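Below is one structure; the comments refer to it alone.
Chains as they are written, first to last, in my numbering: chain A, 1 to 382; chain B, 383 to 728.
This is the structure we're talking about:
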């Protein structure tokens, strides 16, 4: 039927195998003998895969797959956005990923600053930001967001003799510490975690062993094709049912126990972990990645005097106070629990950061129609 | 009934131009307000169809107009001139007027624009008019200051006659959805030319007049062709959403059945853009009664531009106004394009 069916033949997108895994999942959830079974993934790309391939309609009703704080754009805190906006308004050229432009700060986003005439460029990579700095004589600050995966790319550019007028305002975050926070939240009844395959490609799966020991919660590393997600969930349910919490790697074609040691070296040579707030979640010890002192000359926070105080004279609109992004990212609430979702808060007019980013739960749910129960949809004349 | 009706903002931003719900709200709340009727049986602006129809005796005069602002002006597989003529001829065809009588073309040029480029565009307009069996009969020329517009803007209007109007609102449960070929070719070819993405592809726009293909389908399908639309801005998704909400049916699409070229699929994955929301400029989407669907499909496939045509879905009574995508793994609601199509960052 299809003119060229190369993609259909990819084995990680084979619907027949998917059916087998779905059946296994149903069987394991029944075996768990309690409902609901709640598991959490901590990666926007997992939510994308689940939404894009319509997997929620295929999950057993008794399985709750909750999205945790897995969107680096969403957890970028207000003061970090304020720093970028203040720099832009001071006349410094800012480059960042498209999603970061619309994340609200105290009173303004980078997009607002741009509309008022500030120099703000959208880039697709840190490399492109460095190239942009080479083309301009004036100062260029890369407002860097992303987890350890993206932070490695930033580190590599800083170690590769970047131009003198280039610096970094780091809002990079480190995932393992926030899993500790979420696991300890009294409201969460998480029985296991699905960890992000791409981040684990860097960190290795061994990084989760101590976590499992401390919290007695299993962690399964999973990839992002539909079969990867299903296989990861099957493995997670198996471990939950076994009653022996451990780390399992369901993404062995990319992830090893040690991870990418070269990338880890780059990461920790340039960055140091430090505590800081994640928007809507909490103060996360060691959750933020900041530049080490040796890289001070590329650190926008040290290179410039950033005065964001003029942005704080502002009363937040009532809508913001109703925003549930924090609870949604902590896995306590769903977008459908939020009174603003799809009404006052849409991708056109986002109130919270979860509606801004392509990896935000609210944006994804809005784009793919929330979680309507499509299990019963049948073809043919009704 | 238009779904997603919402109040428009104080300022008109780019999102109002992407062909989705925001633009429909703008048309409803500003443009279509307080305009008179179009006469008995006519179709006016409020219907938000591909064009308007005015009844003259036992036939309809179909009128459609379009402005073209594509960047880059010359792109793989076509240019702004071919786009303008094809777009207008196709809009006429989607109302049932498959013999375009004549076109007009207004040109707004930026101070300093290259004469050679303008001549190339005009050569392309002449050639595409030749393919479509029509011509430009009148026009208008304006030049604006440097920086006041981006190169050149074309506006084309077309007229044609038909004895039967095909709307995009005639669907009922059981009707089959057909597409005339691969989806997303134009949108992704244009996206891939954005040099900041540093992609080198052989993607080609599908821009072409498809009125003869539509005529074949209407000759074979007759009254059984109950909905017809070209999936331009907003792609197949916007087209299906409009058809579903105007007809008051739900539509289930079998994702594996939607024809996609392998390169469009790959580039779409890389950029995070679903080819089903990317524009087409040489395709048509048909809603056909089930008993004639196979015959109409055969007719479309016999046309050189319809070789990859396929039946991709079916109308249902459940969830009127919604489009459900059966992914083969599960199902989800098909997303409609919102705002500017920007690639995801990771």
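For each residue, glycine too, the CB sits at the ideal point set by N, CA and C. Every value quoted in this text rests on a predicted model; they were computed, and no experiment measured them.
Query, Result
"For residue 368 of chain A, which residues in chain B fall below 8 Å Cβ to Cβ?", "714, 715 and 717"
"CB-CB under 7 Å to residue 339 of chain A, same chain, minus the five flanking residues each way: which ones, in chain order?", "322"
"In this structure, what does DSSP give as the bridge partners for residue 442 of chain B?", "B:437 and B:544"
"Are the stretch 247-258 of chain A and the stretch 267-274 of chain A touching, with three or more C-beta to C-beta distances below 8 Å?", "no"
"Compare the C-beta of residue 711 of chain B against all C-beta atoms of chain A and say whether one is closer than 8 Å.", "yes"
"How about residue 469 of chain B and residue 55 of chain A: do their beta carbons lie closer than 8 Å?", "no"
"Could you give the distance in angstroms between the alpha-carbon of residue 496 of chain B and the alpha-carbon of residue 529 of chain B?", "15 Å"
"Buried or exposed: where does residue 635 of chain B fall if 16 or more other Cβ atoms within 10 Å of its Cβ makes it buried?", "buried"
"Return helix, strand or coil for residue 221 of chain A, following the three-state DSSP convention.", "strand"
"Taking 8 Å as the CB-CB cut-off, is residue 707 of chain B touching chain A?", "yes"
"Shorter than 8 Å from the beta carbon of residue 665 of chain B to some beta carbon of chain A?", "no"
"Using a threshold of 8 Å, state whether the C-beta atoms of residue 222 of chain A and residue 76 of chain A are closer than that.", "no"
"From what residue to what residue does the beta strand (DSSP E) around residue 166 of chain A run?", "166-172"
"With a threshold of 7 Å on Cβ separation, who are the neighbours of residue 553 of chain B within its own chain once the five nearest residues in sequence on each side are excluded?", "608, 609, 625, 629, 631, 669 and 697"
"Report the residues of the stretch 390-421 of chain B with a CB closer than 7 Å to any CB of chain A, ordered along the chain.", "397 and 404"
"How about residue 105 of chain A and residue 82 of chain A: are their beta carbons less than 8 Å apart?", "yes"
"Entirely within the stretch 181-252 of chain A and at least 4 residues each: give me those alpha helix (DSSP H) ranges in chain order.", "197-203, 209-215 and 226-242"
"For residue 53 of chain A, which residues in chain B fall below 7 Å Cβ to Cβ?", "709, 711 and 712"
"How would you list, in chain order, the residues of chain B whose beta-carbon sits under 8 Å from the beta-carbon of residue 18 of chain A?", "710 and 711"
"Here's the rule: buried if 16 or more other CB atoms are within 10 angstroms of the residue's CB, otherwise exposed. What is residue 389 of chain B?", "exposed"
"Sorted by chain position, which residues of the same chain lie with C-beta nearer than 6 Å to residue 19 of chain A's C-beta, five sequence neighbours on each side aside?", "none"
"Suppose contacts are defined by Cβ-Cβ distances below 8 Å. Is residue 465 of chain B in contact with residue 516 of chain B by that definition?", "no"
"Does the stretch 34-52 of chain A come into contact with the stretch 681-697 of chain B, if we say contact requires no fewer than three beta-carbon pairs (one atom in each stretch) closer than 8 Å?", "no"
"Tell me where the beta strand (DSSP E) around residue 625 of chain B begins and ends.", "Premise fails: residue 625 of chain B lies in the alpha helix (DSSP H), 617-629, not in any beta strand (DSSP E)."
"Determine, using beta-carbon pairs with one atom in the stretch 302-311 of chain A and one in the stretch 103-117 of chain A, whether at least three such pairs fall under 8 Å.", "yes"
"Since I believe residue 298 of chain A is in contact with residue 143 of chain A (beta carbons under 8 Å), could you give me their beta-carbon distance rounded to a whole number of angstroms?", "Residue 143 of chain A to residue 298 of chain A, Cβ: 13 Å. No contact."
"With a CB to CB cut of under 8 Å and the five nearest residues on each side skipped, what residues in its chain are close to residue 526 of chain B?", "490, 491, 492 and 493"
"What is the rounded straight-line gap between the Cα of residue 163 of chain A and the Cα of residue 116 of chain A?", "28 Å"
"Please list the terminal residues of the continuous alpha helix (DSSP H) segment that includes residue 524 of chain B.", "From DSSP, residue 524 of chain B is part of no alpha helix (DSSP H) but of the beta strand (DSSP E) over 518-526."
"For residue 591 of chain B, which of B:637, B:555, B:560 and B:540 has the nearest alpha-carbon?", "B:540"
"Quick check on the DSSP output: the beta strand (DSSP E) that includes residue 278 of chain A runs from which residue to which?", "271-278"
"Kindly indicate the opening and closing residues of the beta strand (DSSP E) around residue 643 of chain B.", "Counting along the chain, residue 643 of chain B falls outside any beta strand (DSSP E), and DSSP gives it neither H nor E."
"Assign residue 374 of chain B to one of three DSSP states: helix, strand, or coil.", "No information on residue 374 of chain B is available, as it lies outside the stretch 383 to 728 that chain B covers here."
"Use the C-beta contact count for residue 417 of chain B: other C-beta atoms within 10 angstroms, 16 or more gives buried, fewer gives exposed.", "exposed"
"Look up residue 392 of chain B in the DSSP assignment and say whether it is helix, strand or coil.", "coil"
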